[in-house]
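Novice: Submitted below is the structure of interest, expressed as C-alpha cells.
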Amino acid sequence: MTPLTNFHAHTTFDDGTESCEAMVEAAISKGCAAFGISGHAPMGFPTRWCMTRENEPVFIEEMRRLKEKYAGQIVLFPGVERDFYSPGTVYSYDYVIGSVHYIKKDGALLSVDDTEKVQTEDVRRYFGGDVYAYTRAYYETVADVVQKTSPDFIGHFDLVTKFNEGGKHFDETDPRYLRPALEALAAITEKQKLFEINTGAMYRAGRTVPYPSPVLLKALCERGGEIILSSDSHDGASIGYKFGAAAELARSCGFTYAMTLTDKGFVGYKL
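Here it is as C-alpha cells:
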C-alpha cells in the first residue's frame, strides 16, 4: 500500500493560501503519515512568492511548535525549496528541494512559472520568438541545479512545459526540446538520483500529466533515478492530489518503488 506522505507544500509564509497549521490539519485529515512544508527560500531581490529574510526564522519556529503540538498524530518536517538563483540560507532544514523558476537572459531574470502571457512575451522579446532557444536556456540552467542548491531531491524538472498542455506552444518530442532536457537529466543524475513526481500543475494549471513527463520519467528510470511523490500543495485540498495516477504512471515507466522521508532519512516503499 502506498503511504500518503508529501514534502512539497507552501503556506502564507510564501505563495501558499493557508497557514502552516491549517496545512498540517489538512494533512492529518487526509491520513498523511508524514508531511513537510517547503517554504520558497528568500531570493536576492524582492518577490511576491518567497519567504523573506525576516519571516524565514518565524517559519522555522512555527514548524517547531507544530511538530510538538501534533506529535503522535503526524510526523512533520520543515523543508525549503531553494531556487537556482537563491543566494541560500543560514538556517538548517530537514530537506532541500532544488528547483529552477527563472532563466537569465541579457541580464534579466525571466520567470518560467508566472503566467502563459508572460512566458509567451519573454520568448518573443528575449529569444526572437524561438521557443526552443527558450526551453534550451531553461535546461542549461537546470543541468547545474545540484551544484547550486545541494538538494535532497529535484523539484518539477520540466516546469518550462507548464503552459504547454497538448503541445500548445512547442513539440515535446522535437529533438530541439528533448535533447537539452535529456542532457540536463543526465547531468543531474550523475550527482542526485531523486526526483519528485509533481502533480501540482494538474491541480492548478489544468495539466493532464505530472512533472516530469512520461518520456522523461522513462529516461530517469533508465538512468537509475528514484522518485518521490509530491503534490506541490498551495492549499490543503490539494495535498496528495492524483497520487494514485502518479504511482500508476511511475509503474508504467518502469519504477517499482518510490521514496519517502522518515526520521531515519529517505527510505523506499513498493509502488
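Under my numbering, residues 1 to 271 are what the sequence shown spells out, in order.
Cβ coordinates follow ideal geometry from the N, Cα and C atoms, glycine included.
Here the structure is a predicted model, which is why all the values come from computation and not from measurement.
In angstroms with no decimal places, state the Cα-to-Cα distance between A247 and T208.
Specialist: 14 Å
Novice: Using the rule of at least 16 other Cβ atoms within 10 Å of the residue's Cβ for burial, across every protein chain shown, is R48 buried or exposed?
Specialist: exposed
Novice: Relative to the alpha-carbon of V145, which residue among T173, L194, F7 has its alpha-carbon at the smallest distance?
Specialist: Closest in C-alpha terms to V145, from the list T173, L194, F7, comes L194.
Novice: Cβ of I28 within 8 Å of Cβ of P78?
Specialist: P78 sits away from I28, with the two beta carbons spaced by 8 Å or more.
Novice: From E54, C20, I154, pick the residue whose C-alpha is nearest to that of K191; which is it?
Specialist: I154
Novice: If we ignore side chains and look at the alpha-carbon of each, how far apart do Q73 and A33 end up?
Specialist: 8 Å
Novice: Is it buried or exposed for E56, if we count other Cβ within 10 angstroms and need 16 for buried?
Specialist: buried
Novice: Near Y132, which residues of its chain fall below 8 Å by C-beta distance, leaving aside the five closest residues on each side in sequence?
Specialist: F170, D174, R176, Y177
Novice: What residues in its chain sit with their C-beta under 7 Å from that of E21, if we drop five residues either side in the sequence?
Specialist: L66
Novice: Could you spell out where the beta strand (DSSP E) holding S230 opens and where it closes?
Specialist: 226-230
Novice: Say whether the stretch 179-190 touches the stretch 117-126, bearing in mind that this needs 3 or more beta-carbon pairs closer than 8 Å, one atom from each stretch.
Specialist: no
Novice: Please look up how many angstroms separate the CB atoms of T141 and I103, rounded, as I've assumed it's under 8 Å.
Specialist: 6 Å
Novice: Looking only at its own chain, which residues have a Cβ that is under 6 Å from the Cβ of A41, when we skip the five neighbours before and after it?
Specialist: V80, R82, S86, T89
Novice: So within the stretch 89-161, which uninterrupted alpha helix (DSSP H) runs reach at least 4 residues, ignoring any that extend past its ends?
Specialist: For the stretch 89-161, the continuous alpha helix (DSSP H) assignments of 4+ residues that do not extend past its boundaries occur at 116-127, 131-142, 145-149, in sequence order.
Novice: Going by other Cβ atoms of all chains shown within 10 Å of its Cβ, with 16 needed for buried, is P46 buried or exposed?
Specialist: exposed
Novice: Please name the residue or residues paired with R82 in a DSSP beta bridge.
Specialist: G98
Novice: Below 6 Å CB to CB, which residues in the same chain sit around A143 once its five sequence neighbours on both sides are set aside?
Specialist: A184, A187
Novice: Using the Cβ count rule (16 or more neighbours within 10 Å means buried), how would you classify D113?
Specialist: buried
Novice: Return the residue from the list H8, L4, P3 that minimises the CA-CA distance to D232.
Specialist: H8
Novice: For H272, which of D15, L4, N6, P3 has the nearest alpha-carbon?
Specialist: For residue 272 there is no data in the structure shown, the boundaries of the chain being 1 and 271.
Novice: Could you give the distance in angstroms between the alpha-carbon of M43 and the alpha-carbon of L109?
Specialist: 12 Å
Novice: Does T5 come out as helix, strand or coil in the three-state DSSP assignment?
Specialist: strand
Novice: Suppose contacts are defined by Cβ-Cβ distances below 8 Å. Is I227 in contact with F255 by that definition?
Specialist: yes
Novice: Tell me the DSSP bridge mates of V75?
Specialist: A34
Novice: Using the beta-carbon count (16 or more within 10 Å), is T161 buried or exposed?
Specialist: buried
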